[in-house]
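For reference, the structure discussed in these notes is given below.
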Amino acid sequence: MPALPSTDHVLERATSALQRCGVDHLTEVTGTGHPARTPITGEALFDVAVSDPADVERAIGAADACFRTAWRDTPAPARGQLVRRLGELLREHKGDLADIVTVEAGKIRSEAAGEVQEMIDICDFAVGLSRQLYGRTMASERPGHRLMETWHPLGVVGVVTAFNFPVAVWAWNTAVALVCGDTVVWKPSELTPLTALACHALLARAAADVGAPADVHHVVVGGRDTGALLVDDPRVALLSATGSVRMGREVAPRVAARLGRCLLELGGNNAAVVAPSADLDLAVRGVVFGAAGTAGQRCTTLRRLIVHEDVAEAVTDRVVETYARLRSRIGDPFDDTTLVGPLIGEGAYRAMAQALDQATAEGGTVLGGGARCLEKEAPDAYYVEPAVVSMPRQSDIVRQETFAPILYVLTYRTLEEALAVHNGVPQGLSSSIFTRDQREAELFMSAAGSDCGIVNVNIGTSGAEIGGAFGGEKATGGGRESGSDAWRAYMRRATNTVNYSTELPLAQGVSFL
Ligand code: UN1
């Protein structure tokens, strides 16, 4: 098992990466601080300043003023130049940002680098988008009239992100919001303030380099109370929040009460159906990455395996065998041989242990994994063996999202039955089917198939590319971020009717005067 580094070593790595990104951490330390921690050892690194309500007020005020006086009137392709420069700086500092992601979120090297790549990709996408904020022209029913739509910037976008994708989800929102002419106030998870300070420093540098106003972007550091100030402020035109269903249920009615806009990306309880015709080698690899990757802490993590009874034993045995091999690859996420890093903290570990107990009480059998590891070396860190649990049916615990590496295995006889189980959970983020039968694949993607926002064939549930719209249905919140036409959520649409005739015909044939 890869040995753990000391907290001092992790601190040194974080500090030098932060400095290269343009953050001098010493200036961030204040009396009323908030400790930045690393899940690698579970210990505190140093304090960062927490924003008080006056800081949040100043951030929103400055972002709002910048929107009104400068950014919304800057041509979109010129706004794109800011994002182009940000993309260049992200390329230059890919290793530094990946280091900070590993320090704060505990992601293994390749996944941390992949997350930064996702930021670079969305910057490329957004630069192209800055010349493609297209509106339609419609045929007017009146002679001498033109009917069209124009997309305008919306205002301040409040971005609230979670610990598990501390930089990519910010980048999806921010790169797109900036080219759309919005300004951004970002509240990162209180578990990952350092990644936020690094991203903010890089964006500030990009703004200085291209002559964009510094106030296009602000970071506020804090917990729920800080987030609530964004939620309730009428100047925040769009609140884009990623997190738990519980958080979404609190946020959505409050934003609705002021008739603001919300974009929610909440929990998933993602499943893969493995059909008898599936390529089992491919399916097992897809399942294991989806379920054990990122130590089960993606919103797209595979949590339920719905496998046909003819192949259930073969698939389950192979997944359990592969999980057993993972056991020697749990540990220091900075070590290149590690595949499973730490859970974010004690709460996540307790939730996992409780879920395993409940699963057993509901008739489940733990087929492998579930134990805590490395507790002697790092008593405050929480490393776990990813668990596979066979369930007799989709009981209560299976219907919940436990943000930890637990894969529940259920079997099915007919595809109809598999679909009922698949869709029989409150969440609707990501889904996949492993099959070589085209009818099954098409049915799974049809209106009568998976009810999720992401529906895959012969790949796992996680690891979506930025080019598609990302988000889900039902309790996942309905929002879409990232690619495709998700940009529309960050703009307001004006419908324009222009009369270039000398007459004034009224629509619907109405006559008046
Ligand atoms: C998340 O876990 O909040 O599709 C985002 C994926 C990543 C994004 C996950 N591209 O797994």
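All residue numbers for the sequence shown refer to the numbering used here, where the first residue is 1 and numbers rise by one.
Cβ atoms here follow ideal geometry from the backbone N, Cα and C, with glycine treated the same way.
1) For ligand 1, which residues have a Cβ under 5 angstroms from at least one heavy atom, in chain order?
2) If you follow the beta strand (DSSP E) that His93 is part of, which residue opens it and which one closes it?
3) Have a look at Gly227 and Thr192 and give me their C-alpha separation to the nearest angstrom.
4) By a C-beta neighbour count over all protein chains shown, 10 Å radius and 16 as the cutoff for buried, is Pro75 buried or exposed?
5) On the three-state DSSP scale, how would you describe Asp233?
6) Any chance you could list the alpha helix (DSSP H) runs of at least 4 consecutive residues sitting entirely within the region 181–217, in chain order?
7) Have a look at Tyr412 and Ile459 and give me their C-alpha separation to the nearest angstrom.
8) Give every residue of the same chain whose Cβ lies closer than 8 angstroms to the Cβ of Val29, excluding the five residues on either side of it in the sequence, and list them in chain order.
9) Return the CA-CA distance between Gly31 and Asp52, expressed in angstroms with no decimal places.
10) Going by the beta-carbon positions, is the gap between Val159 and Ser244 smaller than 8 angstroms?
11) From Pro505 to Asn496, what does the alpha carbon distance come to, in whole angstroms?
12) Is it buried or exposed for Val510, if we count other Cβ within 10 angstroms and need 16 for buried?
13) Express the C-alpha separation of Gly463 and Ala204 in angstroms, rounding to a whole number.
14) Just to confirm, is the Cβ distance from Leu356 to Val311 under 8 angstroms?
15) My parser needs the beta strand (DSSP E) runs of 3 or more residues fully inside the region 108–149; what are they?
16) Find out if the Cβ-Cβ distance for the pair Ala126, Val157 is shorter than 8 angstroms.
17) If I measure Cβ to Cβ from Val425 and keep anything under 6 angstroms in the same chain, skipping five residues before and after, which residues do I get?
18) DSSP three-state label for Pro426, please.
19) With 16 as the cutoff for other CB atoms within 10 Å, does Lys376 come out buried or exposed?
20) Cα-Cα, which of Ser277, Arg235, Ile122 is closest to Val83?
21) So which of Asp233, Ala275, Pro276, Ala361 has the shortest CA-CA distance to Ala256?
22) Verify whether the separation of the beta carbon atoms of Ala275 and Glu385 is less than 8 angstroms.
23) Glu265 by DSSP, collapsed to three states: which one?
24) For Cys199, which of Ala283, Val101, Gly144, Arg136 has the nearest alpha-carbon?
25) Use the C-beta contact count for Gln297: other C-beta atoms within 10 angstroms, 16 or more gives buried, fewer gives exposed.
26) With distances taken Cα to Cα, identify the nearest neighbour of Glu111 among Arg372, Ser501, Phe289.
27) Where do the N-terminal and C-terminal ends of the alpha helix (DSSP H) with Ile60 fall, by residue?
28) Identify every run of the alpha helix (DSSP H) within the region 242–289, keeping only runs that are complete inside it and at least 4 residues long; order them along the chain.
29) Please report the Cβ distance between Ala291 and Leu302, rounded to the nearest whole angstrom; I am assuming they are in contact, meaning their Cβ atoms lie under 8 angstroms.
30) Since Tyr323 is in the alpha helix (DSSP H), which residue starts that stretch and which ends it?
31) Just to confirm the assignment, what range does the beta strand (DSSP E) spanning Ala387 have?
32) Return the CA-CA distance between Gly106 and Arg37, expressed in angstroms with no decimal places.
33) On the criterion of 16 or more Cβ atoms from any shown chain inside 10 Å, does Asp396 qualify as buried, or is it exposed?
34) Considering Cα atoms alone, identify which of Ala201, Ala418, Glu149 is closest to His93.
Taking the structure as given:
1) So the residues near ligand 1 by this Cβ test are Phe165, Arg298, Cys299, Thr300, Ser462, Gly463, Ala464.
2) For His93, no beta strand (DSSP E) segment is defined, and its DSSP state is neither H nor E.
3) Each residue's Cα considered, the two are about 14 angstroms apart.
4) Here Pro75 is exposed. Its C-beta has fewer than 16 other C-beta atoms within 10 Å.
5) Asp233: coil per DSSP, three-state reduction.
6) 193–210, all fully within the region 181–217.
7) Taking the straight line from one Cα to the other gives about 20 angstroms.
8) Because the pLDDT of Val29 is 48, which lies under 50, any placement of that residue in the model is unreliable, and the question is left without a value.
9) Residue placement at Gly31 is poorly supported in this model, since its pLDDT is 45, which falls under 50; the coordinates are not used for a value here.
10) Not a contact, by the Cβ cut-off of 8 angstroms.
11) So the two alpha carbons sit approximately 16 angstroms from each other.
12) Counting the other Cβ atoms within 10 Å of the Cβ of Val510 gives fewer than 16, which makes it exposed.
13) A straight-line Cα-Cα distance of about 29 angstroms links Ala204 and Gly463.
14) Cβ atoms of Leu356 and Val311: not closer than 8 angstroms.
15) For the region 108–149, not one full-length beta strand (DSSP E) segment reaches 3 residues or more.
16) No, these two residues do not count as a Cβ contact at 8 angstroms.
17) Cβ within range, chain order: Asn269, Arg399.
18) Three-state result, Pro426: coil.
19) Lys376 should be labelled exposed.
20) The candidate whose alpha carbon is nearest that of Val83 is Ile122.
21) Looking at the Cα atoms, Asp233 is the closest of the given residues.
22) Contact flag unset, no.
23) Assignment of Glu265 by DSSP, reduced to helix, strand and coil, places it in the strand class.
24) Checking every option, the nearest Cα to that of Cys199 belongs to Val101.
25) Residue burial is scored here from C-beta neighbours: Gln297 has at least 16 other C-beta atoms within 10 angstroms and is therefore classed as buried.
26) That would be Phe289, whose Cα lies nearest to the Cα of Glu111.
27) 53–69 is the span of the alpha helix (DSSP H), which, as asked, contains Ile60.
28) As far as the region 242–289 is concerned, its whole alpha helix (DSSP H) runs of at least 4 residues are 245–257.
29) Ala291 to Leu302, Cβ: 4 angstroms. Contact.
30) Membership of Tyr323 in the alpha helix (DSSP H) is indicated by the continuous run 309–326.
31) Residue range 387–390 is occupied by the beta strand (DSSP E) that includes Ala387.
32) Going by the C-alpha atoms only, they are around 10 angstroms apart.
33) Exposed: under 16 other Cβ atoms inside 10 Å.
34) Residue Ala201 is the option with its Cα nearest to His93.
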